[in-house]
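Participant: Quick one: the structure is below, questions incoming.
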Amino acid sequence: MVCTLVKTVDKRGGSSRSNDPHIPTYPTSVRLYNVHNHNIFVAEALRHKDVGVKAIETLTQLFEIGHSPTSALAVLKSDLLVEHDNKYVYASANRAICPDLQFCYRLYQKVNKQEFGEQSGEGMLAALARQIESYNAACNDTCAKLKMSATGTPLVAICSPLMKRTHSLSNSGEMCFMDSSGNMDRENCRVFLLLTHTCAGGLPLGIVITQSEDEKTVSEGLELLKSLLKNDAFGGRGEAGPRLFLTDDSKAEKGAIAQVFPEATQLLCIFHLLQAVWRWLWNKDHKIEMKDRQTLFSIVKDMLYAREMSTVELLYQQALDNPLTTRYRKFLTYLQNLYSRPFIPQSPVRRMLGLLSELAENADYSDALTTMAKRLEKMKRNPTQLISAFYCFGKGMSASKRAAALRRAARRPGPIIGCQPTAVARRTTKTGSRRRLTAGRPRKSSSGLEHDYSRHTGKRAVRVRHRLSESVAMNYSHQA
Numbered sequence: 001m002v003c004t005l006v007k008t009v010d011k012r013g014g015s016s017r018s019n020d021p022h023i024p025t026y027p028t029s030v031r032l033y034n035v036h037n038h039n040i041f042v043a044e045a046l047r048h049k050d051v052g053v054k055a056i057e058t059l060t061q062l063f064e065i066g067h068s069p070t071s072a073l074a075v076l077k078s079d080l081l082v083e084h085d086n087k088y089v090y091a092s093a094n095r096a097i098c099p100d101l102q103f104c105y106r107l108y109q110k111v112n113k114q115e116f117g118e119q120s121g122e123g124m125l126a127a128l129a130r131q132i133e134s135y136n137a138a139c140n141d142t143c144a145k146l147k148m149s150a151t152g153t154p155l156v157a158i159c160s161p162l163m164k165r166t167h168s169l170s171n172s173g174e175m176c177f178m179d180s181s182g183n184m185d186r187e188n189c190r191v192f193l194l195l196t197h198t199c200a201g202g203l204p205l206g207i208v209i210t211q212s213e214d215e216k217t218v219s220e221g222l223e224l225l226k227s228l229l230k231n232d233a234f235g236g237r238g239e240a241g242p243r244l245f246l247t248d249d250s251k252a253e254k255g256a257i258a259q260v261f262p263e264a265t266q267l268l269c270i271f272h273l274l275q276a277v278w279r280w281l282w283n284k285d286h287k288i289e290m291k292d293r294q295t296l297f298s299i300v301k302d303m304l305y306a307r308e309m310s311t312v313e314l315l316y317q318q319a320l321d322n323p324l325t326t327r328y329r330k331f332l333t334y335l336q337n338l339y340s341r342p343f344i345p346q347s348p349v350r351r352m353l354g355l356l357s358e359l360a361e362n363a364d365y366s367d368a369l370t371t372m373a374k375r376l377e378k379m380k381r382n383p384t385q386l387i388s389a390f391y392c393f394g395k396g397m398s399a400s401k402r403a404a405a406l407r408r409a410a411r412r413p414g415p416i417i418g419c420q421p422t423a424v425a426r427r428t429t430k431t432g433s434r435r436r437l438t439a440g441r442p443r444k445s446s447s448g449l450e451h452d453y454s455r456h457t458g459k460r461a462v463r464v465r466h467r468l469s470e471s472v473a474m475n476y477s478h479q480a
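Residue 480, in UniProt numbering, is where the sequence shown stops; the numbers in between run on with no holes.
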């Protein structure tokens, strides 16, 4: 910084031509020059530099592929560490190539605003309409719709090409699982996902996004989803929808499904119902002591998993006479409301046989599932068989049929086996006795125990003919 004093009297003795009375005798003008009188290549100075173009481009690319500000900055620092190696400490102090987290958040908001528009208000709705129009154009079909509900909140229904193909499966007309999730964004939108069961797991049938969870809004969202479907949706049932709906313990969901799909049978998901019971027990307003929550939860759980209605009634009467439940009047009222609902106390396999008409009418499915249910019940009574079943499940799935046939043929005399009869590799160890080695013949100098991967796993003992001539004569090999 250089200060220059401008005099009101020049060298020739003349006075200044300015008549401003506020000009002092020695006015001062300050002129700044970009010349530093200190070291600018230190951390305190480098952290105030502007972020470079290369760093901004890298962060923008990371945001576009789904990174958050924190993860994008972590990836950028990792790349700098690989690039600069031992000099990373100097590079990380330079804000031009390694920006701070606050800048990453500001850039993230800027990129999102350019890509998706405003986060609320009319700008958000206009940007959402553009995104839906672009998505439908990319799919070459109407796969998403946007409308305003009766309460003035936006509704979005999505049925992607994959979801439309799922509707062609017969399973989609049998059972539909409907689940809702919240706290997805700042607007607290609710996302309703419809799934169906297949041999590959759950496959989606549609998505409904709302800003409210009341019955009227959910029913409008389901009607909007139906407008995206073809006449042969839900396995050919079309407007009737699936035969069975598995839902959460939500009055709004059940009422909306009853309005849109009146022919569907509704069942509560036991998992979600138990979750609701556990949340009720943990609610501080109900004043349930922590030591009693597990016991009260077990009472409800035993009632839900009962297989006979008489068992449910017996458990309910025992719960009413239990001193613990009488201590908590609120829980007793909650249990009475739960008991007033209709129960279907059957095993899951038999329950599905009664509900899914197509499987019940098909003799192959019915006989197979009935046999499986009987074996399962028999196995559950014997813990040893149950553990053995879990241990052996899928154990031979990857084995080839030829290898299995050779192993079976090796245990009995029969046709000639296409392999060379060999003897078991044996070697006397220094500790004495003879050891069967499953990993081939070791070196003579080796001593001590074998490695874990070469130890004998305890296979089924088979009588082996040690004479080579006898083995060849009997066409027998113990290593097939």
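All C-beta atoms in this analysis are idealised placements derived from N, C-alpha and C, irrespective of residue type, glycine included.
Can you tell me the Cα-Cα spacing of Gly255 and Ser78, whole angstroms?
Facilitator: Here residue 255 refers to the residue found at position 255 of the sequence shown. Here residue 78 refers to the residue found at position 78 of the sequence shown. So the two alpha carbons sit approximately 52 Å from each other.
Participant: Return the bridge partner residues of His197 from the DSSP annotation.
Facilitator: Taking the first residue of the sequence shown as position 1, residue 197 is located at position 197. Answer by DSSP bridge pairing, in chain order: Gly202.
Participant: Going by DSSP in three states, Pro348 sits in which element: helix, strand or coil?
Facilitator: Against the sequence shown, residue 348 aligns to sequence position 348. Residue placement at Pro348 cannot be trusted, given a pLDDT of 49 that sits under 50; what the coordinates show is reported in the next sentence. DSSP places Pro348 in helix when its eight states are reduced to three.
Participant: For the stretch 261–268 and the stretch 179–188, state whether three or more C-beta atom pairs, one from each stretch, are separated by less than 8 Å.
Facilitator: No, because fewer than three Cβ pairs between the stretch 261–268 and the stretch 179–188 fall closer than 8 Å, the two stretches do not touch.
Participant: Beta strand (DSSP E) containing Leu53: first to last residue?
Facilitator: For the purposes of this step, residue 53 is identified with residue 53 of the sequence shown, where counting begins at 1. As written in the sequence, residue 53 is Val, which differs from the Leu given in the question. Careful: Val53 lies outside any beta strand (DSSP E), inside the alpha helix (DSSP H) at Val53 to Glu64.
Participant: Can you check whether the CB of Leu281 is closer than 8 Å to the CB of Leu296?
Facilitator: The sequence position of residue 296 within the sequence shown is 296, counting from 1. The sequence position of residue 281 within the sequence shown is 281, counting from 1. In this structure, Leu281 lies closer than 8 Å to Leu296 by Cβ.
Participant: Evaluate the contact criterion for the stretch 82–92 versus the stretch 55–69: three or more CB pairs, one atom per stretch, below 8 Å.
Facilitator: In short, these stretches do not touch, since the Cβ pair count stays below three.
Participant: So if DSSP puts Lys147 in a beta bridge, which residue, or which two residues, is it bridged to?
Facilitator: Indexing the sequence shown from 1 puts residue 147 at position 147. Paired residues: Leu155.
Participant: Exposed or buried, Glu239, counting other C-beta atoms within 10 Å across all chains shown (16 or more means buried)?
Facilitator: Here residue 239 is taken as the residue at index 239 of the sequence shown, counted from 1. Classification for Glu239: exposed.
Participant: Distance check for Asp248 and Leu273, CA to CA, integer angstroms please.
Facilitator: Position 273 of the sequence shown, counting from 1, holds the residue named residue 273. Position 248 of the sequence shown, counting from 1, holds the residue named residue 248. Straight-line Cα distance between these residues: approximately 7 Å.
Participant: Secondary structure at Cys104, three-state DSSP: helix, strand or coil?
Facilitator: Your numbering for residue 104 matches position 104 in the sequence shown. Helix at Cys104.
Participant: In angstroms, rounded to a whole number, what distance separates the CA positions of Glu83 and Asn39?
Facilitator: As a first step, residue 83 must be located in the sequence shown, where it is residue number 83. As a first step, residue 39 must be located in the sequence shown, where it is residue number 39. Cα to Cα, Glu83 sits roughly 26 Å from Asn39.
Participant: Leaving aside the five residues before and after Trp278 along the sequence, list all residues of the same chain whose C-beta is less than 7 Å from its C-beta, in chain order.
Facilitator: Locating residue 278 in the sequence shown gives position 278, counting from the first residue. Around Trp278: Phe297.
Participant: Leaving out the 5 sequence neighbours to the left and right, which residues in its chain are closer than 7 Å to Asp214 when beta-carbon positions are compared?
Facilitator: Numbered from 1 along the sequence shown, position 214 holds the residue referred to as residue 214. Contacts found: Ala252.
Participant: Leaving aside the five residues before and after Ser168 along the sequence, list all residues of the same chain whose C-beta is less than 8 Å from its C-beta, in chain order.
Facilitator: Counting from one through the sequence shown, the residue named residue 168 turns up at place 168. Closer than 8 Å at the Cβ level, and outside the excluded window around Ser168, lie Asp232 and Gly235.
Participant: For Pro442, which of helix, strand or coil comes out of DSSP?
Facilitator: Translated into positions along the sequence shown, residue 442 becomes position 442. Only weak support exists for where Pro442 lies, its pLDDT of 47 falling under 50; the value from the coordinates is given anyway. Three-state DSSP puts Pro442 in coil, outside helix and strand.
Participant: Taking the CB atoms as reference points, tell me whether Lys164 and Leu155 lie closer together than 8 Å.
Facilitator: Numbered from 1 along the sequence shown, position 164 holds the residue referred to as residue 164. Numbered from 1 along the sequence shown, position 155 holds the residue referred to as residue 155. Cβ atoms of Lys164 and Leu155: not closer than 8 Å.
Participant: Provide the residue span of the beta strand (DSSP E) that contains Leu246, from first to last.
Facilitator: Taking the first residue of the sequence shown as position 1, residue 246 is located at position 246. Its beta strand (DSSP E) spans residues Leu244 to Thr247.
Participant: Could you compute how far the alpha carbon of Tyr33 sits from the alpha carbon of Leu59?
Facilitator: Along the sequence shown, one-based indexing puts residue 33 at 33. Along the sequence shown, one-based indexing puts residue 59 at 59. Distance between the alpha carbons of Tyr33 and Leu59: 33 Å.
Participant: By Cβ distance below 7 Å, which residues in the same chain neighbour Asn136 in space, the five residues on each side in sequence not counted?
Facilitator: If you number the sequence shown from 1, residue 136 lands on position 136. Correct list, in chain order: Thr142, Cys143 and Ala144.
Participant: Skipping 5 residues on each side, what residues in its chain have a beta carbon closer than 7 Å to that of Ile56?
Facilitator: For the purposes of this step, residue 56 is taken as the residue at position 56 of the sequence shown. Closer than 7 Å at Cβ, skipping near neighbours: Leu107.
Participant: Could you give the C-beta distance for Arg43 and Ala91, rounded to a whole number, given that I count them as a contact under 8 Å?
Facilitator: Here residue 43 corresponds to residue number 43 of the sequence shown, with the count starting at 1. Here residue 91 corresponds to residue number 91 of the sequence shown, with the count starting at 1. The displayed chain sequence assigns Ala, not Arg, to residue 43. Wrong, their Cβ atoms sit about 11 Å apart, outside the cutoff.
Participant: Can you tell me where the beta strand (DSSP E) holding Asp179 begins and where it ends?
Facilitator: Along the sequence shown, read from residue 1 onward, the residue named residue 179 stands at position 179. Per DSSP, Asp179 belongs to the beta strand (DSSP E) from Met175 to Ser181.
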